[in-house]
Amino acid sequence: MYSTEEPTGATDRGAGPAHSWRRPELVLALIVLGLGVFVIAGTADVSTAGSSLGLGPRFFPVIVGSALLLIGLFYVIDVVRGGHGDPEESEDVDAGARPDWRTVALVSVIFLAFAGLLDLLGWIIAGALLFFGLSVVLGATRRLQAGVIAVVLSTVTYLAFVKGLGVTLPAGLLSGVI
Amino acid sequence: MEGFATALTPVNLLYALVGVTLGTLVGVLPGIGPAMTVALLLPITFTVPPASAFIMFAGIYYGGMYGGSTTSILLNTPGESSSMITALEGNKMAKRGRAAQALATAAIGSFVAGTIATGLLVVAAPLVVDFAISFGPEDYFALAVLAFTAVSSVLSRSVVRGLASLGIGLVIGLVGIDQQTGQARLTLGVPQLLDGIDVVIVAVGLFALGEVLYVASRLRHGEPEVVPVGRAFLGRSDWSRSWRPWLRGTALGFPFGALPGGGAEIPTFLSYSIEKRLARGVAREEYGKGAIEGVAGPEAANNASAAGTLVPLLTLGLPTSATAAILLAAFQQYGLQPGPQLFDHNPALVWGMVASLFIGNTMLLVLNLPLAPLWARVLHVPRPYLYAGIVLFAALGVYALNSSWVELVILYILGMLGFAMRRFGLPVAPAVIGMILGPMAEIQLRRALAIGAGDVTVLVRSPIAAVLLVVALLVLAVPLVRKLVARPSHAG
Numbered sequence: 773m774y775s776t777e778e779p780t781g782a783t784d785r786g787a788g789p790a791h792s793w794r795r796p797e798l799v800l801a802l803i804v805l806g807l808g809v810f811v812i813a814g815t816a817d818v819s820t821a822g823s824s825l826g827l828g829p830r831f832f833p834v835i836v837g838s839a840l841l842l843i844g845l846f847y848v849i850d851v852v853r854g855g856h857g858d859p860e861e862s863e864d865v866d867a868g869a870r871p872d873w874r875t876v877a878l879v880s881v882i883f884l885a886f887a888g889l890l891d892l893l894g895w896i897i898a899g900a901l902l903f904f905g906l907s908v909v910l911g912a913t914r915r916l917q918a919g920v921i922a923v924v925l926s927t928v929t930y931l932a933f934v935k936g937l938g939v940t941l942p943a944g945l946l947s948g949v950i
Numbered sequence: 004m005e006g007f008a009t010a011l012t013p014v015n016l017l018y019a020l021v022g023v024t025l026g027t028l029v030g031v032l033p034g035i036g037p038a039m040t041v042a043l044l045l046p047i048t049f050t051v052p053p054a055s056a057f058i059m060f061a062g063i064y065y066g067g068m069y070g071g072s073t074t075s076i077l078l079n080t081p082g083e084s085s086s087m088i089t090a091l092e093g094n095k096m097a098k099r100g101r102a103a104q105a106l107a108t109a110a111i112g113s114f115v116a117g118t119i120a121t122g123l124l125v126v127a128a129p130l131v132v133d134f135a136i137s138f139g140p141e142d143y144f145a146l147a148v149l150a151f152t153a154v155s156s157v158l159s160r161s162v163v164r165g166l167a168s169l170g171i172g173l174v175i176g177l178v179g180i181d182q183q184t185g186q187a188r189l190t191l192g193v194p195q196l197l198d199g200i201d202v203v204i205v206a207v208g209l210f211a212l213g214e215v216l217y218v219a220s221r222l223r224h225g226e227p228e229v230v231p232v233g234r235a236f237l238g239r240s241d242w243s244r245s246w247r248p249w250l251r252g253t254a255l256g257f258p259f260g261a262l263p264g265g266g267a268e269i270p271t272f273l274s275y276s277i278e279k280r281l282a283r284g285v286a287r288e289e290y291g292k293g294a295i296e297g298v299a300g301p302e303a304a305n306n307a308s309a310a311g312t313l314v315p316l317l318t319l320g321l322p323t324s325a326t327a328a329i330l331l332a333a334f335q336q337y338g339l340q341p342g343p344q345l346f347d348h349n350p351a352l353v354w355g356m357v358a359s360l361f362i363g364n365t366m367l368l369v370l371n372l373p374l375a376p377l378w379a380r381v382l383h384v385p386r387p388y389l390y391a392g393i394v395l396f397a398a399l400g401v402y403a404l405n406s407s408w409v410e411l412v413i414l415y416i417l418g419m420l421g422f423a424m425r426r427f428g429l430p431v432a433p434a435v436i437g438m439i440l441g442p443m444a445e446i447q448l449r450r451a452l453a454i455g456a457g458d459v460t461v462l463v464r465s466p467i468a469a470v471l472l473v474v475a476l477l478v479l480a481v482p483l484v485r486k487l488v489a490r491p492s493h494a495g
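Keeping their order, the protein sequence lines are chains A and B.
Take 773 as the starting number for the first sequence in this note's numbering and just add one per residue.
Take 4 as the starting number for the second sequence in this note's numbering and just add one per residue.
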């Protein structure tokens, strides 16, 4: 159920018999722990040659990795013992509401599709689709209005950034037109 | 003085005006704090020459701060922590029909505090530079460690969560080619990661996309209640009740802003409680129902701390807040490293930026008193459009870096991370600071140890470094001590 808040795609290794082991925050704590392993293991193949003092490119990562293992361990213990952080407050967040995973998943799909199709479609089309899709998913009821704003916004940003500020954005399908 | 010569050219004045306006506009938008404002607007300055870019940034920085307070006064939902305190009295004032006065005391207080604090910056910066010119690598390393522990322990109620956030940032900072040996680290074979993960991607991912995903998970439905407002102004009695809190707020804000981990939260809160204690007569009765002192003091403290943050940033290259970390990244984008040398090599740029802080402050005052009704209207932006727009600009900023869709995927992963951190109460600022300052700490550490020929005691041989490291440890212990002291009184 809470696999969507899990950036690395690992499964919930923390599921166990005791109630406190089923807390979603445990996944984040385990990620921190896992990052420590990742840093130490991931730099194992980095050659330490080039420095006679043992201060090669692995020196600092090993310190950071060890610190993360320690922090991750304390974090896991804290979560299992019932500690919890305060969810951040924000203007448009209803802290009491039940998490709406469907919307999060839809936002994710739209964004990743945008990332994959941007070079093909070009900024104007892909950007408009991104804005339109997200605003509908997030609750815009007037589709026509959302569509018009989407096209205007992506066109204006394209013209302003590419022609005005010299930033490179893909023209894609419209490369002959603009 | 020569700074004004740089800042007062018509082109740079225009950049300052654009910066101030954009900063306020984006800062007013709900859900966008000063750090996100600066991160989102970073791409606009990519093609601008450095001096003009930093003049614009100065405007964006102050404008973003100011915009946040408008949001918290007119829309009673605490957004960024720095203007949370302003919402306490500010929104109650607004509800009692004194929104104009609340906005005016915030605007004028910000101007007064910003001007005095920028003046203090001018005085303090050369002194710190003189002191820091003799710093060795071990001192810089100790300074970075202090910044790490301070930001992790102060910004979070739970030290372990602050440190976890810091660790995540340090790992992100490790990705890429090692600057000293040219070895690739933690790149997982992805060529786009060889140059490391750009700070714009990290900041925009953790702040902007993370916020949108978080909002998407529990969107508040229904129209938010925005208090309508006319032109902002102050009556005679409001003036006399405001000026002392402004000055006291400035005195609190500047030093706290300059300290590692100080930020704006502590001084605004201190200012609020001091004004509450000092309140007499009408003020005493009004406190808790919308007293102007409770807006004037914290707002001044907020802005003064923003100027205070610039002291360690410019003189030592040490960011003490997430916003400062992003500003530091902006410097690095131009190949500039803030520190004592920057004042020697690039005086025109530094003093031009400082001068534009004075100018930006004045522009903010002139702009914001009459424009208050306009900013109030910005708060009505339909939320679906607002958050869809944030994502569009986030994607634009990241894609503009290297024209790479792979980086958009990295942005998404970081956005998910930012979402998880928000959801579970991990502060985001330590991650951003760890990511920016981590590589610097590593270089200084290796340099220091190389000088000491591998002898670890070299790290504490300099008295400055030793003191800083001890303080860094003590800072970590502060919340523990607080907990131990608090426990008996809870039991009793």
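Using N, Cα and C, we set each Cβ at its ideal position, and we do this for glycine too.
Identity of the residue in Pro829/A, Arg795/A, Asp872/A, Ile921/A nearest valine 848/A by Cα: Arg795/A
Closer than 7 angstroms to chain A by CB, tyrosine 388/B: yes
Exposure of arginine 164/B, with buried meaning 16 or more beta-carbon neighbours within 10 Å: buried
Within-7 angstroms CB hit, leucine 802/A to chain B: no
Per DSSP, the bridge partner or partners of alanine 187/B: Ile180/B
Nearest-angstrom Cα separation, counted from leucine 420/B out to alanine 877/A: C-alpha of alanine 877/A to C-alpha of leucine 420/B: approximately 14 angstroms in a straight line.
Reference isoleucine 435/B, options Ile393/B, Ala375/B, Val461/B, Leu321/B, closest by Cα: For the sequence presented, residue 435/B should be read as valine rather than isoleucine. Cα-wise, what sits closest to valine 435/B is Leu321/B.
Cβ-Cβ distance between alanine 206/B and alanine 375/B below 7 angstroms: no
Range covered by the alpha helix (DSSP H) that runs through tyrosine 415/B: 408-426
Members of the stretch 899-917 of chain A that neighbour chain B once the beta carbon cut-off is set at 7 angstroms: Per Cβ criterion, the list reads Gly899, Leu902, Phe903, Leu906, Ser907, Leu910, Gly911, Ala912.
Candidates Glu860/A, His856/A, Gly855/A, Arg853/A: closest to methionine 87/B by CA position: Glu860/A
Euclidean distance between Cα positions of valine 920/A and leucine 842/A: 52 angstroms
Identity of the residues DSSP links to valine 811/A by a beta bridge: DSSP output for valine 811/A lists no bridge partner at all.
Euclidean distance between Cα positions of alanine 501/B and valine 353/B: Past the boundaries of the shown model lies residue 501/B; chain B is included only from 4 to 495, so the question cannot be answered.
Limits of the alpha helix (DSSP H) - the one that arginine 287/B falls within: 285-289
Glutamate 797/A burial status per 10 Å Cβ neighbour count (16 or more: buried): buried
Contact list for valine 174/B against chain A, beta-carbon separation under 9 angstroms: Leu807, Gly808, Phe810, Val811, Pro833, Val836, Gly837, Leu840
Contact check, leucine 45/B vs valine 203/B, beta carbons under 7 angstroms: yes
Proximal residues, the stretch 305-330 of chain B versus chain A, C-beta separation under 7 angstroms: none
Contact list for valine 923/A against chain B, beta-carbon separation under 9 angstroms: Close partners of valine 923/A in chain B (Cβ separation under 9 angstroms) are lacking, with about 12 angstroms as the shortest Cβ gap.
Buried/exposed call for alanine 54/B, threshold 16 Cβ in 10 Å: buried
Same chain only: Cβ atoms within 6 angstroms of proline 482/B, ignoring 5 sequence neighbours per side: Ser156, Val162
Within 7 angstroms, strictly: CB atoms of alanine 276/B and proline 301/B: At residue 276/B the sequence reads serine, which differs from the alanine that was named. No, the pair does not count as a contact, with Cβ atoms beyond the cut-off.
Residue environment, serine 137/B, which counts as buried when at least 16 other CB atoms sit within 10 Å: That one is exposed.
7 angstroms Cβ cutoff met for alanine 147/B and leucine 440/B: yes
Three or more C-beta pairs below 8 angstroms linking the stretch 12-32 of chain B and the stretch 180-192 of chain B: No contact exists between the stretch 12-32 of chain B and the stretch 180-192 of chain B.
Separation of serine 72/B from threonine 118/B, as counted between CA atoms: 18 angstroms
Contact check, alanine 576/B vs valine 230/B, beta carbons under 7 angstroms: With chain B covering 4 to 495 only, the question about residue 576/B has no answer from this structure.
Own chain, CB closer than 8 angstroms to serine 406/B, minus 5 neighbours either side, in chain order: So the list is empty, once near-sequence residues are dropped.
Residue-chain proximity (threonine 927/A, chain B), Cβ-Cβ < 7 angstroms: Not a single C-beta of chain B is nearer than 7 angstroms to the C-beta of threonine 927/A.
Element boundaries [alpha helix (DSSP H), containing histidine 348/B]: 343-348
Per DSSP, cross-strand counterpart(s) of valine 865/A: Leu222/B
Cut-off 6 angstroms between Cβ atoms - residues of its own chain near tyrosine 290/B, not counting five sequence neighbours on either side: Hits under 6 angstroms: Lys279, Ala282.
Alpha-carbon to alpha-carbon, arginine 449/B and valine 473/B: 20 angstroms
Candidates Trp895/A, Ile803/A, Leu805/A, Val834/A: closest to alanine 816/A by CA position: Val834/A
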